[in-house]
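Here the structure is laid out as structure tokens; the discussion comes afterwards.
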């Protein structure tokens, strides 16, 4: 088989699914074999995603019809530039988190590795399925696979995890049901469930109330999944109390995949003319984005728990993305899509750092960072890379996506958005320097009993190598994506920006 | 490829690589202080040599351009070594060597903690300064500008006392907010003109007709706030508060890197971004001059009331920086030359003053002026250097400050902006007023009876620090501090008598010729 | 008005059910009641899908003779099978959700010894 015949779209989704079912079987026979299987499965997905991405860059969108049934009767996997970069992103981050999670799971969830990895692979399948599918209902199925696994995984955490997971169940299922409802209305109006097909049929139906209702239901459902303010309530508790490996995996990916779905439905299924011309919804989106940014920033300031602070930052980052879409000119949308990529990378980096701190200090508050620069120097370096990226200091990737978002806002004259972004930058500076201070300045935060210790007595006791290496790779990625942003933008992301946005 | 790195074309990249590599080497040799310090000194010497080696080339050819990769459409991560940039680069690199020697003496005498972090941040700060000096466009400069702010934060808060942390936070808050204004200005510039390069006639002429004057003036002020590092009022208060830092850090802030980066940025803003013609059109020269004039007057009055020596020097710096800004705001060739050469001249003079203040603190433990009675007799070399530098600040010959003040005043007279002339002269007069008490107290006042002045310096250090050290080490450490400040004082005189040292004057003239070429 | 009411009866029913479920989720204190509300919510949507496909006079969408059928198939006479298929999936999803939720509720009960929301919040501090 030559390269172009390899069934990458299948392997990317079904290999993890298959391995997920095999894990309990093989694990019952011999425990230690399950971790290598997980790594292999995710690696195969990663290689498949690279293969798909290469194919998309060379030849254009890749389509795979399930069971040979042509669309619109059959389900198809449709991967174009936007998908391809998301697929690579999801699989890459998953691979890093899988490597990262081994030590973390051993410590936080002893004896439960087998079910953990089983659910992990199921979640991974769900996420990657959402990314590659080209069918609306299929997306719902994968969405629910991912969500159910997430609920279960979060509930395994400590403290309030079970209750937070239940809250997430309620809200998340409501969201998915809204999405399903919207798909139902669309089906009623058009008779099709295939995204490309819908894109063809819908323009003539834009004025219809059914279609508008469908759109609103779908968008609200996706907004719940994406944690757009004010539907973000489930996020802080759920991600804070989840085990470190789970939050490192879910926090960067789930909301970003939700944002991807938002963009796909907004731009590819319903063309830009719909929400700009018919609904005039850009302003609403913009203001939701601005409120999300400001709310996330302000709530983050008052937190003493590091992970909760990160969760509110994620809420703010989603605000950047949605606000960027709300500005609705090519620069801002380019920035928003690039920001999906960047935010996933930054969030992974920071949650991994939280995991490393938790591994060593059993806690994830800001005070657990005490003397981190001396005790855990490599972790601190990774943390500073992530912090600089969120603040938006060049040459990290965060600076470049902020540039495009700001430039887009200035070009469109949306000064409120520009101001919100700049204010949030200031807030994140205050946030992260609060933490960096704890880590960097040993003497300043010692209480009386510790004053006697001298500098030499604090020895370096860093997180294990298996946790550090993915951290370094992500930190390197933060800088590389930033420095090489031009090839990424011009080669991939610009193709994902729809034509027809105001210039 | 490696040999290409050493070619003249890539020399600016090499210049930035030296401090970067040095910083990493410092991190790795934290356990061996002597090795760590030798990386600093060695890197400093190599950096200075690299910068000097670029000077003849630039004097001949005009500039070295080195573009590395694309950051945004129309904006590359690029270096452009021109005459003016070399002035700043020469200053920073030369003073890095001297401050590093001084730091060795200072830090080891006081047995300071976290020395590795100190030298590491210092190297990164120099990287930031050199990068700013050699950058070709606003975005590259912004990158190094933020690096400078971030790397100097651990230096300002070095002592980790609540006071030092407060100083550090205030420092960060002011400068990073300024950075945001800077970014906003860059974005507006990019949107209006499609580029952010530094060019000799500026990049705004093409949009002068199509954009409202108010917009351009607002952009100018955004940039000005961005260059808050130049400590112009009312955004100056981070600088006196930052005096909570150790003395070599204050020297770095005031003489070597941080505030110089601020005025460097302002001069670039006026001459290479907006351009002299556009500045005159928009009336921004007068506005800028007004801001600077107010700063000079008020800073001088603050200085007169100061008892803490370092705070006095801080206000003196604010005053001198606004002098540079006035020089640029007058918009004549003479005055801009004066402004440009004042960057190195003031750097050398100010660093002398700070190194003296630090030496006094180490040896006698005194920080306030009214306690420094008789210090002149105890530490003669130090105080003579202090006098030389103080005279230079006032603009008295034969110290370098005279030359730059002469040029700016001449420029003011030539263009008929006599108000600014009056402000400068008044400022110089007030300089004398506040430096004089220091000199008088140090030399001419009797020591209070409780102090016994007859002791050796070595004994004094032992008493202050309370531990026993050999005389040899004491003497060596003291030399590490005294020799650099003596060198800078001597250089201050040399610069006056031979302004062509390190080609400073030639570079300034060349730069000014380019900027004013078409006007 | 009456015509509208009876004409759209299926839609009104499903909306009514959905709101009942929604109310239960929001207003009830007991977590199991919330879960029941969630179930009603999901089931109402399934009802909605089914009634989209319904047709007056349509028969169940099973072809006589199976795969080997040779007679002409008049699609109009059959009820739309697609929503049924979709809803089979949705029912499975609903069952899965209920299962996971019950497991989580079990964990909560073990930890806090109660399933009333206000008591749980009190015991959490």
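Residue numbers (the numbering used here), protein chains in the order written: chain A, 166 to 668; chain B, 339 to 857; chain C, 299 to 423. For every residue, glycine included, the Cβ atom is placed at its ideal position computed from N, Cα and C.
{"Query": "Contact between the segment 363 to 375 of chain A and the segment 428 to 445 of chain A (3+ Cβ pairs under 8 Å)", "Result": "yes"}
{"Query": "Residue 240/A in three-state terms, based on DSSP", "Result": "coil"}
{"Query": "N- and C-terminal bounds of the alpha helix (DSSP H) containing residue 709/B", "Result": "Counting along the chain, residue 709/B falls outside any alpha helix (DSSP H), and DSSP gives it neither H nor E."}
{"Query": "Interface partners of residue 387/C on chain A, CB under 7 Å", "Result": "306"}
{"Query": "Spatial distance of residue 232/A from residue 178/A (CA atoms)", "Result": "15 Å"}
{"Query": "Beta-carbon spacing of residue 157/A, residue 184/A below 8 Å", "Result": "Here chain A covers residues 166 to 668 and nothing more, so residue 157/A does not appear."}
{"Query": "Burial state of residue 194/A (16 or more Cβ within 10 Å)", "Result": "exposed"}
{"Query": "Stretch pair the segment 410 to 428 of chain B + the segment 839 to 850 of chain B: three plus CB contacts closer than 8 Å", "Result": "yes"}
{"Query": "Three CB pairs or more closer than 8 Å across the segment 392 to 410 of chain A and the segment 371 to 381 of chain A", "Result": "no"}
{"Query": "CB contact flag (residue 461/A, residue 481/A, <8 Å)", "Result": "yes"}
{"Query": "Beta-bridge pairing of residue 333/B - partner residues as DSSP gives them", "Result": "It is not possible to answer for residue 333/B, since the shown part of chain B is limited to 339 through 857."}
{"Query": "Boundaries of the alpha helix (DSSP H) in which residue 382/A is found, first to last residue", "Result": "374 to 391"}
{"Query": "Reference residue 854/B; option with closest CA among 829/B, 609/B and 587/B", "Result": "609/B"}
{"Query": "Exposure of residue 626/A, with buried meaning 16 or more beta-carbon neighbours within 10 Å", "Result": "exposed"}
{"Query": "Counted within 10 angstroms of its Cβ, other Cβ atoms place residue 398/B as buried (16 or more) or exposed", "Result": "exposed"}
{"Query": "Closest by C-alpha distance to residue 581/B, when choosing among 561/B, 618/B, 655/B and 600/B", "Result": "655/B"}
{"Query": "Residue span of the alpha helix (DSSP H) that contains residue 229/A, given as start and end", "Result": "Note, residue 229/A: premise wrong, no alpha helix (DSSP H); beta strand (DSSP E) at 227 to 230."}
{"Query": "Residue from 634/A, 644/A, 494/A and 516/A whose Cα sits closest to the Cα of residue 563/A", "Result": "644/A"}
{"Query": "Residue 565/A versus residue 477/B - alpha carbon distance", "Result": "11 Å"}
{"Query": "Three or more C-beta pairs below 8 Å linking the segment 454 to 467 of chain B and the segment 360 to 367 of chain B", "Result": "yes"}
{"Query": "Partners in chain A for residue 302/C, counting only beta-carbon separations shorter than 7 Å", "Result": "Near residue 302/C there are no residues of chain A at all, since even the closest Cβ is about 15 Å away, more than 7 Å."}
{"Query": "Residue of 558/B, 682/B and 592/B minimising C-alpha distance to residue 622/B", "Result": "558/B"}
{"Query": "8 Å Cβ cutoff, residue 498/B in contact with chain A", "Result": "yes"}
{"Query": "Three-state secondary structure (DSSP) of residue 806/B", "Result": "Low confidence applies here, because residue 806/B scores a pLDDT of 42, under 50, leaving its location unreliable and the question unanswered by this model."}
{"Query": "Helix, strand or coil at residue 414/C according to DSSP, with G and I counted as helix", "Result": "strand"}
{"Query": "Cβ-Cβ distance between residue 620/B and residue 555/B below 8 Å", "Result": "yes"}
{"Query": "Nearest residue (CA-CA) to residue 739/B, options 722/B, 750/B, 769/B and 529/B", "Result": "769/B"}
{"Query": "Positions along the segment 543 to 561 of chain A whose CB lies within less than 7 Å of some CB in chain B", "Result": "558, 559 and 560"}
{"Query": "Candidates 371/A, 397/A, 637/A and 226/A, of which the one nearest residue 354/A by Cα", "Result": "371/A"}
{"Query": "Counted within 10 angstroms of its Cβ, other Cβ atoms place residue 116/A as buried (16 or more) or exposed", "Result": "Because chain A in this structure spans residues 166 to 668, residue 116/A falls outside the shown range and cannot be described."}
{"Query": "For residue 476/B, the first and last residue of its enclosing alpha helix (DSSP H)", "Result": "476 to 494"}
{"Query": "Secondary structure, alpha helix (DSSP H): runs of 4+ residues fully inside the segment 548 to 581 of chain B", "Result": "551 to 564 and 576 to 579"}
{"Query": "Neighbour flag for residue 606/A against chain B, beta carbons, 8 Å", "Result": "yes"}
{"Query": "Cβ distance (whole Å) where residue 441/B is taken to contact residue 464/B below 8 Å", "Result": "Their Cβ separation, rounded to whole angstroms, is 12 Å, which puts residue 441/B and residue 464/B out of contact at 8 Å."}
{"Query": "Bridge partner(s) assigned by DSSP for residue 359/A", "Result": "300/A"}
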